[in-house]
Amino acid sequence: MPQLREFTNVPSCSRFSRVAGGIFAVIVVAFSGMPAADAAPAAAQAVTRYLSRPDLVPPAITVTTAAAPTAPGAILLTPKNAVDEQMGPLLVDDTGSPIWFAPRGDKTRLVMNAQAQTYRGKPVLVWWEGSFVPLGWGQGSATIVDQNYRTVAQVGADRGVDLHAIRITPQNTMIVVTYRTTTAVPGQVTMRPVVENVLREIDIATGAVLMTWSSLEHIPVSESYLRSNDIVAWDYLHINAVDLDTAGNIVVSGRNTHTVYTLERGTGRVLSRLGGKRSDYAMPPDAVFAWQHNVRALPNGDISMFDNEQGATFPPTPPTRPMSRAIVLHLDNTARTATMTRSLSTPDGLGTGAQGSNQVLPDGHVFVSWGDRGRFSEFDATGAMIYDAHFTAPTIDTYVANRVDWHATPTEPPAVFARRAPDGGLTAYASWNGATEVRRWQVLAGPDKAHLKVVGETARSGFETVLSSSSTAGYAAVRALSATGATLGTSPVVRVG
């Protein structure tokens, strides 16, 4: 690897909007929240508030299309660009109601790129958190939590890993990318700093680095479509996705070279290029992509991605097409051709210059995030858009959005708020942040903490369920039930206010 000379990064900023050719524009936004959740419809609120969990203030979501049954699973998001609202991993149902929210970000620390993956044979959630560098990348670590939301590992904190690429492998390692600036460019003399992308494969349990790969050793700067004369540091490649193909090779997305690279795992040798200036595959015009995100190697050998097409906004470059697309390309490795098999856009022709994701689901549906537009959609197997939603606050977006099959039970108990109803009875507000298997709630009441009985029961209704009873008892608790009626958890006993 060439000798690297690192430059001091611009101070991090948590208020930013669109990726701009590797540089995010800093913005300041403001909007006010609304009163408690029972005071106004969710669609009219920028955030949602709950009496049983006043410490949680997730951003509200507005659903505009729900035309047909969607694929199974919840929706995993990582909202950002908030000012006073909380940020962090957010799991919601199809109505936009939270199932789990973990406010971990603030005005100095971002949380992004939440995904459901597998570690040691078990489902986990993984996300990136750290500081944002206004040149277009992050410095932080990847957090892994289990099905009880307990942290089982944090990867890369000592190396300042980037937000874009987090991939747990079947060997229980993690492939991450690090950005750094240097003037040591092989075979070239440059006075302007160039952004080098460094891939590492890290053993999650021990932190040992098993592989290090430098973009400047394998991918020349001449492949870039990003102009170098208008920016502080030339982010010529901008790796924004990493995956493994069925052969175990590493698949890498170079946003600013419009190329998907397949690398030999271990050696880092470039085995093939899809797209860009040096494509190894012949591609018809409709298959050509640009400024792409979220590249994935599918089990059948195809490649899916979010094809932004909108060009870099700084320096400004013209869009290659008027709208963004979620596409799937079929690769014929014998004929060396790549052909389009699916191309999905919104009916209103939405275009986004930054971020975005494309998730091909087992039932043939496709779940798409429209990046910096704060919007996410699902398409059925015929290509019809059957679901569409967005963050109610226009400033908030998410780096990716995925539909996930996630089942979890928190270690903390359910929460309850109880108060006296106008008729003298009891109204209880029940929630259990992160519990995915709750189907019904019971409210228990009694004259003291030791003598409670069931006085009401109702089906779960969103994050916070309201239960009513004619009981005049002074103490109350709530109990969460599964679909079979089994007790999953019981809240602490509280005095009825």
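What the sequence shown shows, in mature numbering (1 follows the signal peptide of the UniProt record, and there is no 0), is residues -39 to -1, 1 to 458, in sequence order. Even glycine gets a Cβ: it sits at the ideal position worked out from N, Cα and C. Just so it is clear, the structure is predicted and the values come from calculations on it, not from any experiment.
Asked: Cβ-based neighbour list, L38, same chain, cut-off 6 Å, excluding 5 preceding and 5 following; Found: L51, T359, A362
Asked: Q316 burial status per 10 Å Cβ neighbour count (16 or more: buried); Found: buried
Asked: Residues of its chain near D241, where Cβ-Cβ distance is below 8 Å and the 5 sequence neighbours each way are ignored; Found: S233, R234, L235, R297
Asked: Nearest neighbour of I288, chosen from N133, A376, V321, T295 [CA to CA]; Found: V321
Asked: Top-ranked residue by Cα proximity to T300, from R286, A243, V18; Found: A243
Asked: Proximity winner among K414, F93, I60, Q100, relative to Y110 (alpha-carbon distances); Found: I60
Asked: Beta-carbon separation (whole angstroms), A376 vs S58, contact threshold 8 Å; Found: Their Cβ separation, rounded to whole angstroms, is 16 Å, which puts A376 and S58 out of contact at 8 Å.
Asked: Contact set for G310: own chain, Cβ-Cβ below 8 Å, skip 5 residues either direction; Found: P283, M284
Asked: Proximal residues to H291 (C-beta, below 6 Å), its chain only, five neighbours per side dropped; Found: D263, T300, T302
Asked: Buried versus exposed call for D204 [16 or more other C-beta atoms within 10 Å across all chains shown]; Found: buried
Asked: Y140 and V116 closer than 9 Å at C-beta; Found: no
Asked: Sequence-distant residues of the same chain with beta carbon closer than 8 Å to G209, five excluded per side; Found: R226
Asked: Assumed close pair G395, A369 - CB separation to whole angstroms, cut-off 8 Å; Found: 6 Å
Asked: Alpha-carbon to alpha-carbon, F250 and F340; Found: 20 Å
Asked: Closest residue to S431 among T419, Y390, R381 (Cα-Cα distance); Found: R381
Asked: Buried or exposed (CB count within 10 angstroms, at least 16 for buried), R81; Found: exposed
Asked: Cβ neighbour criterion (16 or more within 10 Å) applied to R10; Found: buried
Asked: G458 at chain D interface by Cβ criterion, 9 Å; Found: Structure shown: chain D not included; a single protein chain is present.
Asked: Spatial distance of V146 from P20 (CA atoms); Found: 44 Å
Asked: Three-state secondary structure assigned by DSSP to R14; Found: coil
Asked: Close Cβ partners of A114 (< 6 Å) along its chain, the five nearest in sequence each way excluded; Found: I105, I165
Asked: Three-state class that DSSP yields for S432 in the structure shown; Found: coil
Asked: Beta-carbon proximity of P30 to I357, cut-off 9 Å; Found: no
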